[in-house]
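Q: As you go down the protein sequences, you meet chains A and B in turn. Every number in this note's numbering is 3 more than the matching position in the first sequence, counting from 1. Just so you know, this note's numbering puts 131 at position 149 of the second sequence, and the rest follows in order with no gaps. We put the beta carbon where it would ideally sit given N, CA and C, even for glycine.
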Amino acid sequence: MSKRIVVADDDPDMVAFMTLPLTKRGYDIAVGGNGEEAIDLVRRHRPDLVILDVCMPLVDGLEACRRLKDDPGFKDIPVMLITATASLLPPPHILYALQVEDYLIKPFPVRVLVEKIEQLIGETNVESK
Amino acid sequence: MQTGPGPTGEATVFKAATRCRNKQPRHQKTVGWKLRKTPQDEGYEPIPLDRLAVGMEIWLDCPWYKHPFPKSRFTLISSKQIELVRALALPVVYYHAASYRSEPQPGLDKTLAFLDEPDVTPFDDSVPSSESSVPLHDSPPLALRRDLKQANTTYQDTLRKTSDCLRQIIAGQGAGVAGASALVARFIDELLNSGSSIAMADVLHLNVLERVQAAHALNTCILALLVGRELELDPEELKILGFAGLLHDLGEQRIPSQIRWKTEPLTRAEKSLYQLHPLYSKEMLQELHGIPNGVGDLIGQHHEYNNGTGYPRRLTDEQIHPLAKILRVIDEYQYLTNLREPQVKLQPNQALAELYVKRQQQLSVKAIIALVHVVSVYPPGTLVELTDGSIGMVTNTSSCERLRPMIMVYERSDSTFNTRLIDLHEQRQLSIRRIVDAAELSPDLAQRITPAEALSYLMLPSTAGALESNGTQQSPARPSLKG
């Protein structure tokens, strides 16, 4: 069974940049445009990984991350936050409390995205080989 | 190299010789060693064999395999060595007239008498231990002790200023930037105008957390500037590098202390958060005025590796700023020599070997070679055994006489240890026999001798000047970053 990833970003170009190579590698991707949609997708699909952009409308990535980590049913699902600068992140002690598994700093090449995903949820998706 | 007889052995030798021939020009180009000098070039004069005397620094102008001594240039320390030299029947032997005093040297024959014992040969390592032998070294000259005392005072003062600057910058105060700017300007001025060497300041009691961090910042700044000078950077590049060295870990202050000082392995989330500290450092500087352009970018990249395995962006070789590569090498060197666990902490020379042998995929080889030039054969902090069996730590090194640094020798006295400073540049009859592993030391000596918190470096312009004026060994030319 393919590994499932929920990706939430309000920038369609960024979504395409991330999902195309991941789909090609056999990952099952569900895409949301904000934090609220990401949480719904997590409830429905129970993914292996959640990738959240920090800056999104309505419910941003940090709030979505906090809600997921507060929910005993989802707190063990690894979360990766995407940000362009450190200034967009909350103070480190808040990140420490949230136990965010990893961060992606924009701009990043596909290589880095894939490496980090493989480290977080295991080796390269077997079904894609 | 071992080779067997017959065709196989000959082929191996031939290949090795070919390799050497092929490598030599590249080596010369990279490191810039000069062509071999003659004894006369170095101030040596011919001397009749019957006038050889103990204390003379001589030069045997023949291939190394034609004499039994470890080096062709050495100081005669016994009458037996004189007999051996005479037995070589060389057409001419040279001596260093300027450094030899013809008048008798009181006590020298007596103190060196054990070397004439029948079982001691030039290659024999069984020189009596410090307990059984008469110490070869006298108290250091007053000027040297005064220099070292002054150096330590200067270091403590500079450390305090560094600590103040960092605290002010963390608090967002512009005065901290002005202070950092003054420090960097002073270092660059000393570097470019006085040909500084480096010394290790006494930091055995540096146990205040904030000062450990300030010491790391100061050490990184000093070593980075020295490496930058080796690589012939221009003053503006040195300024950026110096600033970046001083401020590179500011962002660590924002990382929760539970992570920074955790002794168990970090969790994935903790490690990822820690790896954001270069970004936090960069961000903190963006809020301040007076930081030279480029410093922030440099700091943001100071944990990136050439092979794309660094952090926070996993940049690759061509994406990383050349100055950030220097900073990475210095930071890595300090990390290896200051690991918290004593059993994995490396001695300075071991750290250099680790960088050069195992880390070439990750780090700039040019920067590593330049660092080796700067910290020399026996980097400050290296534990060594001298030819009289005493144990000490290298405290000061000069680019002019790499094999003869200053040593702080520890001598047992009842339940404690007395320290004694020896300048091997002056004490020609002594030399370093070998590097000692910290594990070989007795527990009480190990506790006394190994730096508890950090190796701290200081530039010593005055000592460097003195060594340069008297130095007998040529400093290799500097490698260049360009080309």
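Note down, one range per segment and in chain order, each alpha helix (DSSP H) of at least 4 residues found wholly within the stretch 85 to 118 of chain A.
A: The alpha helix (DSSP H) runs lying completely inside the stretch 85 to 118 of chain A and spanning 4 residues or more are 95 to 101, given in chain order.
Q: Of all the CB atoms in chain A, is at least one closer than 9 Å to the CB of Ala436 of chain B?
A: Low local confidence applies: a pLDDT of 44 at Ala436 of chain B is under 50, so the model's placement there is unreliable, and no value is given.
Q: Mind listing the chain A neighbours of Arg236 of chain B? Cutoff is C-beta to C-beta under 8 Å, in chain order.
A: Pro94, Pro95
Q: Got a sec, what are the start and stop residues for the beta strand (DSSP E) His78 of chain B sits in?
A: 75 to 78
Q: For Ile241 of chain B, which residues of its own chain have a beta-carbon under 6 Å away from its beta-carbon, when the five flanking residues on both sides are left out?
A: The residues are Glu252, Tyr256.
Q: Can you grab the Cα-Cα spacing for the pair His355 of chain B / Ala333 of chain B, in whole Å?
A: 14 Å
Q: What do you get for Trp243 of chain B, buried or exposed, if any count of 16 or more other CB atoms within 10 angstroms of its CB means buried?
A: exposed
Q: Between Glu252 of chain B and chain A, is any beta-carbon pair separated by less than 9 Å?
A: Yes, Glu252 of chain B lies at the interface with chain A (some Cβ there is under 9 Å from its Cβ).
Q: Quick check: is the beta carbon of Lys264 of chain B nearer than 9 Å to any beta carbon in chain A?
A: yes
Q: Taking the alpha-carbon positions, what's the Ser60 of chain B to Ile373 of chain B distance?
A: Distance between the alpha carbons of Ser60 of chain B and Ile373 of chain B: 23 Å.
Q: Touch check for the stretch 345 to 354 of chain B and the stretch 211 to 231 of chain B: three-plus C-beta pairs under 8 Å?
A: yes
Q: Going by DSSP, what residue range makes up the alpha helix (DSSP H) through Ser482 of chain B?
A: The structure shown does not extend to residue 482 of chain B, since chain B is modelled only from -17 through 465, so no value can be given for it.
Q: Quick one: which chain A residues come within Cβ less than 8 Å of Pro466 of chain B?
A: The shown model of chain B, from -17 to 465, leaves out residue 466 of chain B, and the question about it has no answer.
Q: Assuming Gly290 of chain B is part of the beta strand (DSSP E), what are its boundary residues?
A: It is not in any beta strand (DSSP E) - Gly290 of chain B carries neither H nor E in the DSSP assignment.
Q: List the residues of chain B that Arg103 of chain A touches, going by C-beta distances under 9 Å, in chain order.
A: Looking at the sequence shown, residue 103 of chain A is not Arg but Val. The contact set of Val103 of chain A on chain B, defined by CB atoms closer than 9 Å, consists of Ala251, Ser254, Leu255 in chain order.
Q: When you compare the CB positions of Gln344 of chain B and Tyr287 of chain B, do they come within less than 9 Å of one another, or not?
A: yes
Q: Which of the three DSSP states is assigned to Leu123 of chain A in this structure?
A: helix
Q: Skipping 5 residues on each side, what residues in its chain have a beta carbon closer than 8 Å to that of Glu39 of chain A?
A: Leu61, Val62, Ala67
Q: Quick check on Ile241 of chain B - is its C-beta less than 9 Å from some C-beta in chain A?
A: Chain A, which has a Cβ nearer than 9 Å to the Cβ of Ile241 of chain B, makes this yes.
Q: Would you say Thr88 of chain A faces chain B, with C-beta separation under 9 Å as the test?
A: yes
Q: Since Leu98 of chain A meets chain B, which of its residues come closer than 7 Å, beta carbon to beta carbon?
A: Leu255
Q: Taking Leu58 of chain B as the reference, give the member of B:Val67, B:Met38, B:His303 with the closest Cα.
A: Check the Cα spacing between Leu58 of chain B and each of B:Val67, B:Met38, B:His303: the tightest is with B:Met38.
Q: Straight-line CA distance for Ile32 of chain A to Thr26 of chain A?
A: If I take the Cα positions, the gap works out to 7 Å.
Q: Report the option in B:Tyr77, B:Leu34, B:Leu72 whose CA atom is closest to the CA atom of Tyr26 of chain B.
A: B:Tyr77
Q: Is Ser263 of chain B buried or exposed, if buried means 16 or more other CB atoms sit within 10 Å of its CB?
A: buried
Q: Who are the neighbours of Val115 of chain A on chain B, taking C-beta pairs under 7 Å?
A: Within chain B, the residues near Val115 of chain A are Arg296.
Q: Beta carbon of Leu220 of chain B, beta carbon of Ala162 of chain B: below 9 Å?
A: no
Q: Whole angstroms is fine: what's the gap from Ile124 of chain A's alpha carbon to Thr249 of chain B's?
A: 15 Å
Q: Does the CB of Leu65 of chain A have a neighbour CB from chain B at under 9 Å?
A: Chain B, which has no Cβ nearer than 9 Å to the Cβ of Leu65 of chain A, makes this no.
Q: Using 10 angstroms around the beta-carbon of Met59 of chain A, count the other beta-carbons present and answer buried if the total reaches 16, otherwise exposed.
A: So Met59 of chain A ends up on the buried side.
Q: Residues of chain A with CB closer than 8 Å to the CB of Leu466 of chain B, please, in chain order.
A: As displayed, chain B neither begins before -17 nor continues past 465, which places residue 466 of chain B out of reach and without an answer.
Q: Any beta carbon of chain B sitting closer than 9 Å to that of Pro24 of chain A?
A: Taking 9 Å as the threshold, the shortest C-beta distance from Pro24 of chain A to chain B does not fall below it.
Q: Tell me the DSSP secondary structure of Phe77 of chain A in three-state form.
A: Residue state for Phe77 of chain A is assigned as coil, using DSSP reduced to three classes.
Q: Taking the alpha-carbon of Gln283 of chain B as reference, which of B:Arg295, B:Asn289, B:Pro274, B:Gly272 has the nearest alpha-carbon?
A: Among B:Arg295, B:Asn289, B:Pro274, B:Gly272, the Cα nearest to that of Gln283 of chain B belongs to B:Arg295.
Q: Is the separation between the beta-carbon of Tyr133 of chain A and that of Ser254 of chain B shorter than 9 Å?
A: Residue 133 of chain A lies beyond the residue range present for chain A, which begins at 4 and ends at 132; the question has no answer from this structure.
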